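Peer 1: If you read the sequence shown in the numbering used here, its first letter stands for residue 164, the second for the next number, and so on.
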Amino acid sequence: VSRSCSQPLHLFLLIMTRQFQDLKIENCTDVDIQDLGFFLLKWFKSKGLGNPFNYNRFMEFVQANLLGYKLTKVGGGSDGINEQNETTEFKGTEYKGLNLKGVEKSMSFAYNGTTRKSTLEEQKKYCWEKIMRDPLHHWSMIDYENGVFVKTIQLTNEQVWQVLWPKWEKSWYNSKAADPRIGASISTAELKKANIKYVTINH
Numbered sequence: 164v165s166r167s168c169s170q171p172l173h174l175f176l177l178i179m180t181r182q183f184q185d186l187k188i189e190n191c192t193d194v195d196i197q198d199l200g201f202f203l204l205k206w207f208k209s210k211g212l213g214n215p216f217n218y219n220r221f222m223e224f225v226q227a228n229l230l231g232y233k234l235t236k237v238g239g240g241s242d243g244i245n246e247q248n249e250t251t252e253f254k255g256t257e258y259k260g261l262n263l264k265g266v267e268k269s270m271s272f273a274y275n276g277t278t279r280k281s282t283l284e285e286q287k288k289y290c291w292e293k294i295m296r297d298p299l300h301h302w303s304m305i306d307y308e309n310g311v312f313v314k315t316i317q318l319t320n321e322q323v324w325q326v327l328w329p330k331w332e333k334s335w336y337n338s339k340a341a342d343p344r345i346g347a348s349i350s351t352a353e354l355k356k357a358n359i360k361y362v363t364i365n366h
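1) The alpha helix (DSSP H) spanning Thr-351 covers which residue range?
2) Between which two residues does the alpha helix (DSSP H) carrying Leu-263 extend?
3) Using a Cβ-Cβ cutoff of less than 6 Å, which residues in the same chain neighbour Glu-252 once the five nearest sequence positions on both sides are dropped?
4) In chain order, which continuous runs of the alpha helix (DSSP H) of length 4 or greater are located wholly inside the region 212-251?
5) Could you spell out the range, first to last residue, of the beta strand (DSSP E) harbouring Met-270?
6) Going by alpha carbons, who is nearest to Ser-348 out of Leu-283, Trp-328, Lys-339 and Thr-235?
7) For Asp-198, which three-state DSSP category applies?
8) Candidates Lys-333, Asp-306 and Leu-318: which alpha carbon is nearest Lys-360's?
9) In the DSSP output, what is Ser-303 paired with across the bridge?
10) Ala-273 and Lys-288: beta carbons closer than 9 Å?
11) Note down the Cα distance separating Asn-309 from Tyr-258, rounded to an integer number of angstroms.
12) Note down the Cα distance separating Tyr-336 from Thr-278, rounded to an integer number of angstroms.
13) I think Val-323 touches Ile-294, with their Cβ atoms under 8 Å apart; what is that distance to the nearest whole Å?
14) Is the beta carbon of Phe-202 sitting closer than 9 Å to the one on Phe-221?
15) Taking the straight line between their C-alpha atoms, what separation do you get for Ala-357 and Val-326?
16) Beta-carbon within less than 7 Å of Asn-219's beta-carbon, same chain only, minus the 5 sequence neighbours each way: which residues are those?
17) Determine the DSSP secondary structure at Gly-337, reduced to helix, strand or coil.
18) Rounding to the nearest angstrom, what Cα-Cα distance links Leu-212 and Asp-306 in this structure?
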């Protein structure tokens, strides 16, 4: 679709948006997807937001918009910041739906790639500061097939720490792992077992 000189830009963009929303997956070619991918790459680069395909940046971008935050620049700090200058950590995973009994399946969220320190005391201090940097942590569940966010779990930093630190401590002791950094995942089942009451935001 090309825009004529007399056609207002906003009208052209509206038409293009509607066409994009009406696209059928089965009708898209490899070249179409390649062009779309590079368009996303250029847009993120122009906004200083990094690579949308690295470190879950695209999903974090959507999370920020859904939850009232602005995505921060790439650099290993907080993922989002709101108008009150409150920061947050974003996590995302694929929504697994319900089991045969109609109960929601457990889903896990990863906290990996944390720098390993030489002593446990030093490690705990470093990890505490890392988790406590952000007052809230938002874990989103995404329906990949339909391309929509289903819901987000909102946890406080202290709730995350309660479940995460024992796992990080265990990872620290496993010094012979292939990846020298420490890491762990927390599941929704583990939150339930720990009797952690969190806020659920449905999208």
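The beta-carbon is built from N, C-alpha and C at its ideal position, and this holds for glycine as well.
No experiment lies behind these values; they were computed from the predicted model shown.
Peer 2: So, from the data block:
1) According to the DSSP assignment, Thr-351 belongs to the alpha helix (DSSP H) that extends over 351-356.
2) Here Leu-263 belongs to no alpha helix (DSSP H), and DSSP marks it neither H nor E.
3) These residues qualify, in order along the chain: Asp-242, Asp-297 and His-300.
4) Secondary structure remark: continuous alpha helix (DSSP H) runs of at least 4 residues inside the region 212-251, in chain order: 220-230.
5) Segment: none, Met-270 is in no beta strand (DSSP E) and carries neither H nor E.
6) The shortest C-alpha separation from Ser-348 is found at Trp-328.
7) Helix, per DSSP.
8) When each option's Cα is compared against that of Lys-360, the closest is Leu-318.
9) Per DSSP, Gly-255 and Thr-315.
10) Taking C-beta atoms as the reference points, Ala-273 and Lys-288 fail to come closer than 9 Å.
11) Asn-309 and Tyr-258: Cα-Cα distance of roughly 11 Å.
12) Per the coordinates, the alpha-carbon of Tyr-336 lies some 13 Å from the alpha-carbon of Thr-278.
13) At roughly 6 Å, the Cβ-Cβ gap stays under 8 Å, so Val-323 and Ile-294 are in contact.
14) For the pair Phe-202 and Phe-221, the CB atoms are not nearer than the 9 Å cut-off.
15) Straight-line Cα distance between these residues: approximately 8 Å.
16) Gly-255.
17) According to the sequence provided, residue 337 is Asn. The question's Gly does not apply to it. Looking at Asn-337 - three-state DSSP - the assignment turns out to be coil, as it is neither helix nor strand.
18) Cα-Cα distance, rounded: 24 Å.
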